[in-house]
Amino acid sequence: MDLGVLSEFPIAVLVGAFLVAGLAGLVKGIVGFALPLIMVSGLSSIMEPRLALAGLLVPVIFTNALQTLRQGLGPAWAAIKEFWRYLAIVSIAILVAAQGAALIPDRVFYFVLGVPVVVLSLIQLFGVQVRIPENRRRLAEWVIGLISGVLGGFAGTWGPTTVLYLLAIEVPKHKQMVVQGVIYGVGSVMLVLAHLQSGILNAQTAPFSSTLLIPALIGLWIGFRVQDRMDQARFKKITLVVLTVAGLNLLRKGMFG
């Protein structure tokens, strides 16, 4: 059986990759996002960034499916109907942008994603409420969806901008978990299809990505249990803290590699 790049990694690298995937699943279970962000930033610190991007693709598909369906098909379908515009533009932008992922310097997309995430998260942590008025939500949906999709195609993560948008329109915790699952689920299917086309996910990298599903699911299960015990205020604060830390790490990689 050909294990592809999986057979080439030293044990220490594999252990590190499992720990990163487990942590990513845990955080996703708690706040509903950040699995791709943590996996890209964590894995790329111990391996080549394109391998890191390939590694997250199988875990992101299955963890998003579980998150979407955790509260049943009804809430998931309601989320699709309410946020169909956002879903459409994110999906199209991911497919298009992913084809240029191999052409963009790694530091560029890390920096471009990190700056707005850190700024917007910090100002909200310090008490400034960022809200999108009702009459501007449709425009915001298209614009932020486009930005999210482009960043998703390049960096494999469209969660931070999506979460900031959902916080700005004040989506409640349980609904936000479903909406995030739907948006990330559809986007992750597009991402996998796009990177099958781009060559990042192939016969050599697929076994590695599939192996990382195991620790990611274990972390997700634990995270769901933690998230069930949180109230709305604590959920929002922890979400913003996770966004800030993840954004700072992206800035670090954007500036220093």
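Its first residue numbered 25, the sequence shown is counted upward by one per residue in this note's numbering.
Beta carbons: idealized from backbone N, C-alpha and C, even for Gly.
**Request:** Starting from W182, trace the alpha helix (DSSP H) both ways and give me its first and last residue.
**Result:** Taken as a continuous stretch (DSSP letters only), W182 belongs to no alpha helix (DSSP H), as it is neither H nor E.
**Message:** Check for me: the alpha helix (DSSP H) holding P99 runs from which residue to which?
**Reply:** Start and end: 97-106.
**Message:** Can you check which of these residues, L111, L77, V202, is closest to P99 by C-alpha distance?
**Reply:** V202
**Asked** According to DSSP, is N273 helix, strand or coil?
**Response** helix
**Item:** Simplified DSSP state of T235, which is helix, strand or coil
**Value:** DSSP places T235 in helix when its eight states are reduced to three.
**Message:** Below 8 angstroms on the Cβ atoms is my contact criterion, and I expect K52 with L59 to pass it. Report the Cβ-Cβ distance as a whole number of Å.
**Reply:** 4 angstroms
**Message:** Going by DSSP in three states, P140 sits in which element: helix, strand or coil?
**Reply:** helix
**Request:** For A227, count neighbouring C-beta atoms within 10 Å of its own C-beta (all shown protein chains included) and say buried if the count is 16 or more, exposed if not.
**Result:** exposed
**Prompt:** From R155 to L190, what does the alpha carbon distance come to, in whole angstroms?
**Reply:** Cα-Cα distance, rounded: 10 angstroms.
**Prompt:** Could you give the distance in angstroms between the alpha-carbon of L47 and the alpha-carbon of I224?
**Reply:** Taking the Cα positions, L47 is about 23 angstroms away from I224.
**Message:** Between A78, G177, I70, L215, which has its C-alpha nearest G124's C-alpha?
**Reply:** G177
**Request:** Find the nearest neighbour of V29 within the set T235, Q204, K277, judged by alpha-carbon distance.
**Result:** T235
**Prompt:** The alpha helix (DSSP H) with A45 in it runs from where to where?
**Reply:** From DSSP, the alpha helix (DSSP H) with A45 extends over 35-55.
**Request:** Give the single residue among I116, V136, E106, R131 whose Cα lies nearest to the Cα of R162.
**Result:** With distances taken between Cα atoms, R162 lies closest to E106.
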